[in-house]
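Residue numbers (the working numbering), protein chains in the order written: chain A, 970 to 1276; chain B, 970 to 1276.
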């Protein structure tokens, strides 16, 4: 028997990854699982079996524990669509919009909705899964306001006011980096990438020097000429491009929020944001671990609260 | 016999294209050839034969006409390297740096150098071939100052002062568009592209609304959400992205120059710049046809001038 009682099984189920947490009353989960069985790897009708296989041992141990799923699993391309809740969206709004799935093998499951910001200047913006991590960071930090950053393929920058996600923007940082590195002339000069603080800083400073939006397309091309003219070595070029794209976003988004941005993510990614922030003179706060699991537990409590 | 006497055979020889002009004293070339035998399609030692095959009939007709080659053919990856001349670079500076190749089948050839701007804020910048088109536009328009734009994979924006290319910047517009359309999630919602003025204008207006450089990475992501939320149809999405990237560059670069930018390029591309410029309230001037051939003729005259 575990010393901490199981309160919840939480699953952060994304496009290309599956992460599940056995959640008790402590900050750290009792147990966790990670695999590459994201929704893109599953066909219609395969979700229940995949989930049952993954969390079967936990289910046997805690047959009555509720199960919450967050992330792209609640999208139209997932298992069951949980329609977006609109900004401003806090725990109560999200919990009220949890959609349930009745299963034979696992009982009732709750699917956490994504969040829609339909008031941004550029058009509608959406998140699925990140809202749960933000709720977890708020709970862990004991905060109800701040700017929260989730780096990645489609990075999110979210403003939180009074415990609710007031607005957010998605930046196509990671996927633009990958497309430019792998599918343009820039990649031809790049050799294997190694962490290089000087080259990363050169990219950050290039972003700092930009005055207007489209100049980013010029600074991107400099990845090539800095290599051609041997101002940077071939193994530094992807670090330059990474610093440029990360910092362009920091420059664009940082002024929108209040105080030091809190970055939620893998340590290696967070440290890049800290490095870039330092050059901008912008302190970057690192979120506690286990934000997804902490957010799922907070959502469970809000879901169970009498209306 | 032709009514106009042949003065020059000019070749604009790029990475993926070969364009040759039989040039007389009139504005329009006497004849022209275009093929896909760019330098990437040729191995070492294959250039002379490829050129002789392409322009053989012209050579028979005008055995003494000089031959000038401009474009990537003069790069390290081309036939013979013609080192860059530095900004400010006009006809005289470029002509003095023409490199010659002695050939058995075609006699002496001149290779036009590219231009290097090593004083830009972001790093060194280079062009090869575009300088010749700019010289041609200056000759055709009877100008010695202005802002000249060459749209494409790696778009060039060049400031000309006193007949010399004073500074320029490369924007990775076309290649970024292709990489994002073909190798990111944005392409999944896109269907066959058709010219769509409304969607293109929506992209231009999105660029106008940007405040800071990195916001471009957000507006790029909107290509997806505008499709998901059916604000644009699937066949409109690439037009939005095109308008966004073209206009981001116009916003960034237009304030650097003087007066209406002169766009040198294929009519379809130029009309997109006119459409975007109209939304910005920026008049766009269309360059005359045959700028490459006109520039080659002007370079020939400068080359022959006594030092």
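Where a beta carbon is used, it is the ideal one built from N, C-alpha and C, also for glycine.
Span of the beta strand (DSSP E), counted from its first residue to its last, around residue i
{"i": "residue 1096 of chain B", "result": "1094-1096"}
{"i": "residue 1169 of chain A", "result": "Unbroken run through residue 1169 of chain A is the alpha helix (DSSP H), 1166-1177; no beta strand (DSSP E)."}
{"i": "residue 981 of chain B", "result": "977-982"}
{"i": "residue 931 of chain A", "result": "This structure cannot settle anything about residue 931 of chain A, because the visible part of chain A is limited to 970 through 1276."}
{"i": "residue 1038 of chain A", "result": "1036-1039"}
{"i": "residue 1136 of chain B", "result": "1133-1140"}
{"i": "residue 1042 of chain B", "result": "First-last for residue 1042 of chain B: undefined, no H or E at that position."}
{"i": "residue 1196 of chain B", "result": "First-last for residue 1196 of chain B: 1184-1197, but that is the alpha helix (DSSP H), not the beta strand (DSSP E)."}
{"i": "residue 1076 of chain A", "result": "1076-1080"}
{"i": "residue 1162 of chain B", "result": "No beta strand (DSSP E) holds residue 1162 of chain B; DSSP gives it neither H nor E."}
Limits of the unbroken alpha helix (DSSP H) element including residue i
{"i": "residue 1248 of chain B", "result": "1236-1249"}
{"i": "residue 1126 of chain B", "result": "Unbroken run through residue 1126 of chain B is the beta strand (DSSP E), 1124-1130; no alpha helix (DSSP H)."}
{"i": "residue 1104 of chain B", "result": "1099-1110"}
{"i": "residue 1156 of chain B", "result": "1155-1158"}
{"i": "residue 1061 of chain B", "result": "1060-1065"}
{"i": "residue 1015 of chain A", "result": "Premise fails: residue 1015 of chain A is in no alpha helix (DSSP H) and is neither H nor E."}
{"i": "residue 999 of chain B", "result": "Per DSSP, residue 999 of chain B belongs to no alpha helix (DSSP H) and is neither H nor E."}
{"i": "residue 1115 of chain B", "result": "Run containing residue 1115 of chain B: none in the alpha helix (DSSP H); it sits in the beta strand (DSSP E), 1115-1119."}
{"i": "residue 989 of chain B", "result": "Premise fails: residue 989 of chain B lies in the beta strand (DSSP E), 987-992, not in any alpha helix (DSSP H)."}
Inter-residue spacing [alpha-carbon to alpha-carbon] between residue i and residue j
{"i": "residue 1199 of chain B", "j": "residue 1158 of chain B", "result": "11 Å"}
{"i": "residue 1231 of chain A", "j": "residue 1138 of chain A", "result": "15 Å"}
{"i": "residue 993 of chain B", "j": "residue 978 of chain B", "result": "9 Å"}
{"i": "residue 1125 of chain A", "j": "residue 1022 of chain A", "result": "31 Å"}
{"i": "residue 1171 of chain A", "j": "residue 1243 of chain A", "result": "15 Å"}
{"i": "residue 1253 of chain A", "j": "residue 1241 of chain A", "result": "10 Å"}
{"i": "residue 1062 of chain B", "j": "residue 1054 of chain B", "result": "7 Å"}
{"i": "residue 1207 of chain A", "j": "residue 1213 of chain A", "result": "10 Å"}
{"i": "residue 1187 of chain B", "j": "residue 1239 of chain A", "result": "20 Å"}
{"i": "residue 1176 of chain A", "j": "residue 1248 of chain A", "result": "11 Å"}
{"i": "residue 1024 of chain B", "j": "residue 1162 of chain B", "result": "37 Å"}
{"i": "residue 1178 of chain A", "j": "residue 1185 of chain A", "result": "10 Å"}
{"i": "residue 1012 of chain A", "j": "residue 1075 of chain A", "result": "19 Å"}
{"i": "residue 1067 of chain A", "j": "residue 1155 of chain A", "result": "44 Å"}
{"i": "residue 1056 of chain B", "j": "residue 1269 of chain B", "result": "20 Å"}
{"i": "residue 1019 of chain A", "j": "residue 973 of chain A", "result": "26 Å"}
{"i": "residue 1129 of chain B", "j": "residue 1112 of chain B", "result": "9 Å"}
Option nearest residue i by Cα separation, candidates the options
{"i": "residue 1220 of chain B", "options": "B/1180, B/1256, B/1187", "result": "B/1180"}
{"i": "residue 1229 of chain B", "options": "B/1117, B/1130, B/1079, B/1038", "result": "B/1117"}
{"i": "residue 997 of chain B", "options": "B/1257, B/1104, B/1203", "result": "B/1257"}
{"i": "residue 1271 of chain B", "options": "B/974, B/1064, B/1050", "result": "B/1064"}
{"i": "residue 1141 of chain B", "options": "A/1130, A/1103, A/1193", "result": "A/1193"}
{"i": "residue 1015 of chain B", "options": "B/1076, B/1161, B/1005, B/1048", "result": "B/1048"}
{"i": "residue 1010 of chain B", "options": "B/995, B/1083, B/984, B/1034", "result": "B/984"}
{"i": "residue 1086 of chain A", "options": "A/1067, A/1127, A/1115, A/1164", "result": "A/1127"}
{"i": "residue 1235 of chain A", "options": "A/1215, A/1217, A/1259", "result": "A/1259"}
{"i": "residue 1215 of chain B", "options": "B/1004, B/1146, B/1163, B/1056", "result": "B/1146"}
{"i": "residue 1114 of chain A", "options": "A/1003, A/1143, A/1135", "result": "A/1135"}
{"i": "residue 1077 of chain B", "options": "B/1056, B/1032, B/1189, B/1091", "result": "B/1032"}
{"i": "residue 959 of chain B", "options": "B/1098, B/1133, B/1074", "result": "This structure cannot settle anything about residue 959 of chain B, because the visible part of chain B is limited to 970 through 1276."}
{"i": "residue 1164 of chain A", "options": "A/1067, A/1205, A/1075", "result": "A/1205"}
{"i": "residue 1017 of chain A", "options": "A/1004, A/1072, A/1150", "result": "A/1072"}
{"i": "residue 991 of chain B", "options": "B/1130, B/1166, B/1029", "result": "B/1029"}
{"i": "residue 1173 of chain A", "options": "A/1251, A/1130, A/1129", "result": "A/1251"}
{"i": "residue 1045 of chain B", "options": "A/1197, A/1201, A/1211", "result": "A/1197"}
Nearest-angstrom beta carbon gap, residue j and residue i [assumed within contact, 8 Å]
{"i": "residue 1209 of chain B", "j": "residue 1237 of chain B", "result": "Not really, about 18 Å apart at Cβ, beyond 8 Å."}
{"i": "residue 1277 of chain B", "j": "residue 980 of chain B", "result": "There is simply no residue 1277 of chain B to check, as chain B begins at 970 and stops at 1276 in what is shown."}
{"i": "residue 1027 of chain A", "j": "residue 1000 of chain A", "result": "7 Å"}
{"i": "residue 1069 of chain B", "j": "residue 1261 of chain B", "result": "Incorrect: roughly 20 Å between the Cβ atoms, too far for contact."}
{"i": "residue 1267 of chain A", "j": "residue 1034 of chain A", "result": "At roughly 16 Å, the Cβ-Cβ gap does not stay under 8 Å, so residue 1267 of chain A and residue 1034 of chain A are not in contact."}
{"i": "residue 1092 of chain B", "j": "residue 1195 of chain A", "result": "5 Å"}
{"i": "residue 1123 of chain A", "j": "residue 1190 of chain B", "result": "6 Å"}
{"i": "residue 1060 of chain B", "j": "residue 1132 of chain B", "result": "7 Å"}
Cβ pair residue i, residue j closer than 7 Å
{"i": "residue 1007 of chain A", "j": "residue 986 of chain A", "result": "yes"}
{"i": "residue 1203 of chain A", "j": "residue 1160 of chain A", "result": "yes"}
{"i": "residue 1233 of chain A", "j": "residue 1119 of chain A", "result": "yes"}
{"i": "residue 1058 of chain B", "j": "residue 1084 of chain B", "result": "yes"}
{"i": "residue 1082 of chain A", "j": "residue 1051 of chain A", "result": "yes"}
{"i": "residue 1265 of chain A", "j": "residue 1037 of chain A", "result": "yes"}
{"i": "residue 1183 of chain B", "j": "residue 1218 of chain A", "result": "yes"}
{"i": "residue 1143 of chain B", "j": "residue 1121 of chain B", "result": "yes"}
{"i": "residue 1148 of chain B", "j": "residue 1148 of chain A", "result": "yes"}
Per-residue contacts from residue i into chain C (C-beta, under 7 Å)
{"i": "residue 1033 of chain A", "result": "Structure shown: chain C not included; protein chains present are A and B."}
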